[in-house]
Amino acid sequence: MQNFVTAMTATTWFGYLARVVLTYMFWASGIAKLVDFQGAVGEMAHFGLNPPAAFAVATIVVQLVGSALIILDRWTWLGAGMLGVFTALTIPIAHTFWTMEEPFKTIEFYVVMEHITVIGALMVVAWKAER
């Protein structure tokens with residue numbers, strides 16, 4: 304079994320699939336924001352980011368470019384850094400569980416824990432990326 308796992312994870316397709324899956328939350332969100340740009344602008348306004356259209360464009364660019372760099376295995380460390388910093392910044396902007404009442408406080412706390420885990424995964428990607 305170990306030989307099978309070693310052989311499978313050493314394939315090009317496995318690495319590609321892993322990078323697509325890891326970045327899914329970012330590129331899917333970026334595409335959704337492109338498709339519904341006014342919704343993206345509304346989301347930025349909801350979180351008090353001004354000017355909201357500029358923040359929407361910046362978010363889309365970071366999500367799509369960062370994902371593409373990781374998926375294509377080009378400047379992977381930069382893509383991982385872009386997405387990691389972006390994810391960290393969403394915590395004090397959009398996931399302020401410490402200001403909420405229960406049950407939303409606990410739900411949002413778990414979202415923050417998941418974000419921290421994603422940041423850790425992106426750190427591993429940057430660490431293991433060829434320079």
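The sequence shown begins at 304 in the working numbering and counts up by one. Idealized CB from N, CA, C, for every residue including glycine.
Original post:
Cβ atoms of Ala429 and Phe369: under 8 Å apart, would you say?
Top reply: Rather than Phe, the amino acid found at residue 369 in this sequence is Gly. The answer is no: Cβ separation not under 8 Å.
**OP:** May I ask you to report which of helix, strand or coil DSSP gives Gly351?
**Re:** Of the three classes helix, strand and coil, the one that applies to Gly351 here is coil, per DSSP.
Original post:
Got a sec, what are the start and stop residues for the alpha helix (DSSP H) Glu417 sits in?
Top reply: From DSSP, the alpha helix (DSSP H) with Glu417 extends over Phe407 to Lys431.
**OP:** Starting from Phe389, follow the alpha helix (DSSP H) in both directions and report where the run begins and ends.
**Re:** First-last of the alpha helix (DSSP H) with Phe389: Thr379 to Ala397.
**OP:** Please classify Leu367: does DSSP put it in a helix, a strand, or coil?
**Re:** DSSP places Leu367 in the helix class (H, G or I) of the three-state scheme.
Original post:
Taking just the CA atoms, how far does Met347 sit from Ala432?
Top reply: Distance between the alpha carbons of Ala432 and Met347 is about 32 Å.
**OP:** Buried or exposed for Lys336, please, with buried defined as at least 16 other CB atoms from any protein chain shown within 10 angstroms of its CB.
**Re:** Label assigned to Lys336: buried.
Subject >> Classification of Ile373 by the beta-carbon crowding that lies within 10 angstroms, buried from 16 upward >> reply: With 16 or more other CB atoms across the displayed protein chains lying within 10 angstroms of its CB, Ile373 is buried.
Subject >> Cut-off 8 Å between Cβ atoms - residues of its own chain near Gln366, not counting five sequence neighbours on either side >> reply: For Gln366, the CB contacts under 8 Å within the same chain, skipping 5 residues up- and downstream, are Phe329, Trp330, Ser332, Gly333, Lys336, Leu386 and Phe389 in chain order.
Original post:
Who are the Cβ neighbours of Leu425 in its own chain at under 6 Å, not counting the five residues just before and after it?
Top reply: In chain order, Ala383, Leu386 and Gly387 place their CB closer than 6 Å to the CB of Leu425, counting only its own chain and leaving out the 5 sequence neighbours on each side.
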